[in-house]
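*Asks:* For reference, the structure I am asking about is given below.
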DNA sequence: TCAAAAGTGTTCAACGTACACCCATGT
DNA sequence: ACATGGGTGTACGTTGAACACTTTTGA
């Protein structure tokens, strides 16, 4: 058997779990496949990567097709390579997640390349997805959970100006547990990466909250010390 | 262009950084390549994965060729996919690391499929390796550092019976910093995953140390709480 | 008796955690 | 006036960090 017969017969794809935060829910973008293989089933956006394309370029392309934005925060998570994971041949896939900021795009935009919808993460985790995408979704959500505790990536999901309660809710949704309001604020503010604005929420039927924005300068300047560790219940 | 012309023309490999602990040094196994491409250059053991082989099977095969052992602790780290990273075509590689326990094999064994040697990690990080293997080595060592602080994988590198000083030295080598003896012992023993043996070091020119062994039962039974966080200097 | 590593406790600072009430706004 | 979420401080327990001397063995 020639070298080329045994190898160079496989393909690889990137799949990208796109997380979005929609005012009060953490969501993922899932597509309903309009073509074979797995036509009709729900799946994570992804595509085969061409021979002349880097992995990141592949992900960028998928993101453009899915939400029509470039330059999102993204991170490689894991590579899945079960021999029979793809019906068309040997296709391994490199899983990424990306975070989209609601400030940057309009939900229900017509920009999707095919039928696509946002699903609450908790719901998506229960759905049956095509290929090995359930596993991929789980792995990516798991990574997001870890990452959010060691780096301030939450801001990638929020609008430029946000309240501390919004931020806390986001963390609660990602970590899947309640956080103490006072402790959360103490912790976040002590990191000194938020700039308080002279501006407040408007049109809410209660005391309006102060708006903050993330200070990327300060963040990059600071030596990363502790990470963000919130009150984890000991007895659980 | 046909579908098959554009895709299914790539290959993928696994590369596996094999860490070993040799009495008082943390080492990696590097091979000197005896065949093209990159003949003559130092590299991390690895090989193309065939179409009918899972990623883990590929790694197992590489490990067998390199150190002649199966069933090592291994972990996937990252996938490298630069378009031009391999001279023979589009080959992406999935990087793993594995930990070998000196109790299980003899160093300088004749079992290596080709010229292979153990290099101290610190030294290996300075060498020029083939392909993008410098990057891979760095990524794997970085992962090992992280992992060793959240799971007791250090034991995979030690003989079955070991002293606390050996364990501490190993941690110091992996974390690349000194640890306080008393704090280290307090911490490790408080985890309650070591069984003290009624046995001591022999033939050492000083007070002989008590031997311990890792208690996998206890480890699996315990709910993983804190992780292993040692004294990290604040001001560094 | 000397050299060399083993072994052992206490004190202080930092951090995580639990917890309850008043405030500002819209309806 | 009432409902709703915004905003604030303190006390306690746990954990991390710094630090020095005695013990046991072989040479």
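Chains as they are written, first to last, in the numbering used here: chain A, 14 to 249; chain B, 14 to 249.
Cβ atoms here follow ideal geometry from the backbone N, Cα and C, with glycine treated the same way.
Small disclaimer: the values here were computed from a predicted structure and weren't measured.
Would you verify that the beta carbon of residue 103 of chain A is, or is not, closer than 7 Å to some beta carbon of chain B?
*Replies:* Reading the first chain from its first residue, position 90 is the one you call residue 103 of chain A. Taking Cβ atoms only, chain B reaches closer than 7 Å to residue 103 of chain A, which makes this a yes.
*Asks:* Can you pull the chain B neighbours of residue 107 of chain A, defined as C-beta to C-beta under 9 Å?
*Replies:* As a position in the first chain, residue 107 of chain A is number 94, starting the count at 1. By Cβ distance, chain B contributes 92, 94, 105 and 107.
*Asks:* Which chain A residues sit within Cβ distance under 9 Å of residue 65 of chain B?
*Replies:* Position 52 of the second chain, counted from the first residue, corresponds to residue 65 of chain B. Chain A residues near residue 65 of chain B: 96 and 103.
*Asks:* Counting pairs of Cβ atoms below 8 Å between the stretch 23–30 of chain B and the stretch 70–78 of chain B, do you hit three or more?
*Replies:* yes
*Asks:* Less than 8 Å between the CB atoms is what I'm expecting for residue 109 of chain A and residue 61 of chain B, so what's the real figure, rounded?
*Replies:* Along the first chain, one-based indexing puts residue 109 of chain A at 96. Along the second chain, one-based indexing puts residue 61 of chain B at 48. Rounded, the Cβ-Cβ distance is 24 Å, inconsistent with contact.
*Asks:* Is there a C-beta anywhere in chain A that falls below 7 Å from the one on residue 160 of chain B?
*Replies:* By one-based count along the second chain, residue 160 of chain B stands at place 147. Not one chain A Cβ lies under 7 Å of residue 160 of chain B.
*Asks:* Using only alpha-carbon positions, find the residue among A:173, A:45, A:205 and A:36 that is nearest to residue 233 of chain A.
*Replies:* Along the first chain, one-based indexing puts residue 233 of chain A at 220. The shortest C-alpha separation from residue 233 of chain A is found at A:205.
*Asks:* Helix, strand or coil for residue 45 of chain B? Go by DSSP, reduced to three states.
*Replies:* The count along the second chain starts at 1 and reaches residue 45 of chain B at position 32. Note: residue 45 of chain B maps to strand in three-state DSSP.
*Asks:* Would residue 23 of chain A pass as an interface residue toward chain B - the criterion being a Cβ-Cβ separation below 7 Å?
*Replies:* Position 10 of the first chain, counting from 1, holds the residue named residue 23 of chain A. Output row for residue 23 of chain A: interface = yes.
*Asks:* Does residue 64 of chain A come out as helix, strand or coil in the three-state DSSP assignment?
*Replies:* What you label residue 64 of chain A is simply residue 51 of the first chain in a count that begins at 1. Note: residue 64 of chain A maps to coil in three-state DSSP.
*Asks:* Here's a check: name, in chain order, each residue in its chain whose Cβ is nearer than 6 Å to the Cβ of residue 202 of chain A, leaving out the five neighbours to either side.
*Replies:* Working through the first chain from its first residue, we reach residue 202 of chain A at position 189. Nothing meets the Cβ criterion.
*Asks:* Can you name the start and end residues of the beta strand (DSSP E) that residue 105 of chain B belongs to?
*Replies:* Here the question's residue 105 of chain B lines up with position 92 in the second chain. Where residue 105 of chain B is concerned, the enclosing beta strand (DSSP E) stretches over 104–113.
*Asks:* Is there a C-beta anywhere in chain A that falls below 7 Å from the one on residue 61 of chain B?
*Replies:* For the purposes of this step, residue 61 of chain B is taken as residue 48 along the second chain, with counting starting at 1. So yes, residue 61 of chain B belongs to the interface.
*Asks:* Quick one: give me the first and last residue of the beta strand (DSSP E) that residue 217 of chain A is part of.
*Replies:* Translated into the one-based positions of the first chain, residue 217 of chain A becomes position 204. No beta strand (DSSP E) holds residue 217 of chain A; DSSP gives it neither H nor E.
*Asks:* Alpha helix (DSSP H) containing residue 154 of chain A: first to last residue?
*Replies:* Here residue 154 of chain A refers to the residue found at position 141 of the first chain. Counting along the chain, the alpha helix (DSSP H) containing residue 154 of chain A begins and ends at 146–161.
*Asks:* With DSSP run on the structure shown, which of helix, strand or coil describes residue 232 of chain A?
*Replies:* Position 219 of the first chain holds residue 232 of chain A. Correct three-state label for residue 232 of chain A: helix.
*Asks:* Please tell me whether residue 142 of chain A and residue 56 of chain A are closer than 7 Å, where the distance is taken between their beta carbons.
*Replies:* Here residue 142 of chain A is taken as the residue at index 129 of the first chain, counted from 1. Here residue 56 of chain A is taken as the residue at index 43 of the first chain, counted from 1. Contact flag set, yes.
*Asks:* Residues in its own chain within less than 6 Å of residue 216 of chain B by CB, not counting five upstream and five downstream?
*Replies:* By 1-based counting over the second chain, the position of residue 216 of chain B is 203. No residues qualify anywhere along the chain.
*Asks:* Could you tell me how far apart the beta carbons of residue 113 of chain B and residue 85 of chain B are, in whole angstroms, since I believe they sit closer than 8 Å?
*Replies:* What you label residue 113 of chain B is simply residue 100 of the second chain in a count that begins at 1. What you label residue 85 of chain B is simply residue 72 of the second chain in a count that begins at 1. Confirmed, about 6 Å.
*Asks:* At what residues does the beta strand (DSSP E) containing residue 27 of chain B begin and finish?
*Replies:* Stepping through the second chain from its first residue, residue 27 of chain B is reached at position 14. Counting along the chain, the beta strand (DSSP E) containing residue 27 of chain B begins and ends at 24–35.
*Asks:* Does the separation of the CB atoms of residue 11 of chain B and residue 224 of chain B fall below 7 Å?
*Replies:* Nothing can be reported for residue 11 of chain B: it is not among the residues displayed for chain B, which extend from 14 to 249.
*Asks:* When you compare only the Cα positions, how much space is there between residue 79 of chain B and residue 58 of chain B?
*Replies:* Your numbering for residue 79 of chain B matches position 66 in the second chain. Your numbering for residue 58 of chain B matches position 45 in the second chain. Approximately 7 Å, taken between the alpha carbons.
*Asks:* With three or more C-beta pairs closer than 8 Å as the rule, is the stretch 153–166 of chain A touching the stretch 183–196 of chain A?
*Replies:* yes
*Asks:* Output the distance between the C-alpha atoms of residue 35 of chain A and residue 22 of chain A, rounded to the nearest integer angstrom.
*Replies:* Counted from its first residue, the first chain places residue 35 of chain A at position 22. Counted from its first residue, the first chain places residue 22 of chain A at position 9. When rounded, the separation of the alpha-carbon atoms in residue 35 of chain A and residue 22 of chain A is 42 Å.
*Asks:* Within this structure, are the beta carbons of residue 96 of chain A and residue 67 of chain B separated by less than 7 Å?
*Replies:* Stepping through the first chain from its first residue, residue 96 of chain A is reached at position 83. Stepping through the second chain from its first residue, residue 67 of chain B is reached at position 54. Yes, the pair counts as a contact, with Cβ atoms nearer than the cut-off.
*Asks:* Examine chain B for any beta-carbon lying closer than 7 Å to the beta-carbon of residue 226 of chain A, and answer yes or no.
*Replies:* Here residue 226 of chain A is taken as the residue at index 213 of the first chain, counted from 1. Output row for residue 226 of chain A: interface = no.
*Asks:* Helix, strand or coil, according to DSSP, for residue 227 of chain B in the structure here?
*Replies:* On the second chain, position 214 is the one that residue 227 of chain B refers to. Residue 227 of chain B: strand per DSSP, three-state reduction.
*Asks:* Where does residue 192 of chain A sit, in a helix, a strand or coil, going by DSSP?
*Replies:* Stepping through the first chain from its first residue, residue 192 of chain A is reached at position 179. The three-state secondary structure of residue 192 of chain A, taken from DSSP, is coil.
*Asks:* Measure the beta-carbon distance from residue 178 of chain A to residue 222 of chain A and round it to whole angstroms, keeping in mind my assumption that it falls under 8 Å.
*Replies:* Sequence index remark: in the first chain, residue 178 of chain A carries index 165 (1-based). Sequence index remark: in the first chain, residue 222 of chain A carries index 209 (1-based). Indeed, because the Cβ distance is near 6 Å, the residues count as touching under 8 Å.
*Asks:* Using a Cβ-Cβ cut-off of 7 Å, state whether residue 78 of chain B counts as contacting chain A.
*Replies:* Numbered from its first residue, the second chain carries residue 78 of chain B at position 65. Residue 78 of chain B does not count as touching chain A.
*Asks:* What three-state label does DSSP hand residue 96 of chain B in the structure shown?
*Replies:* Position 83 of the second chain holds residue 96 of chain B. Three-state DSSP puts residue 96 of chain B in coil, outside helix and strand.
*Asks:* Using a Cβ cut-off of 7 Å (strictly closer), state whether residue 184 of chain B contacts chain A.
*Replies:* Residue 184 of chain B sits at position 171 when you count from the first residue of the second chain. Chain A contact via Cβ: absent.
*Asks:* Hey, is residue 125 of chain B's beta-carbon within less than 7 Å of any beta-carbon in chain A?
*Replies:* Here the question's residue 125 of chain B lines up with position 112 in the second chain. Model confidence at residue 125 of chain B stands at a pLDDT of 43, short of 50, so the residue's coordinates are unreliable; what they give is reported in the following sentence. Not an interface residue.
*Asks:* List, in chain order, every chain B residue whose beta-carbon is nearer than 9 Å to that of residue 89 of chain A.
*Replies:* Translated into positions along the first chain, residue 89 of chain A becomes position 76. The answer, in chain order, is 91 and 92.
*Asks:* For residue 52 of chain B, which three-state DSSP category applies?
*Replies:* Counted from its first residue, the second chain places residue 52 of chain B at position 39. Secondary structure at residue 52 of chain B: coil, using DSSP grouped into helix, strand and coil.
*Asks:* Out of B:133, B:199, B:134 and B:168, which has the shortest C-alpha to C-alpha gap to residue 227 of chain B?
*Replies:* Position 214 of the second chain, counted from the start, is the residue given in the question as residue 227 of chain B. With distances taken between Cα atoms, residue 227 of chain B lies closest to B:168.
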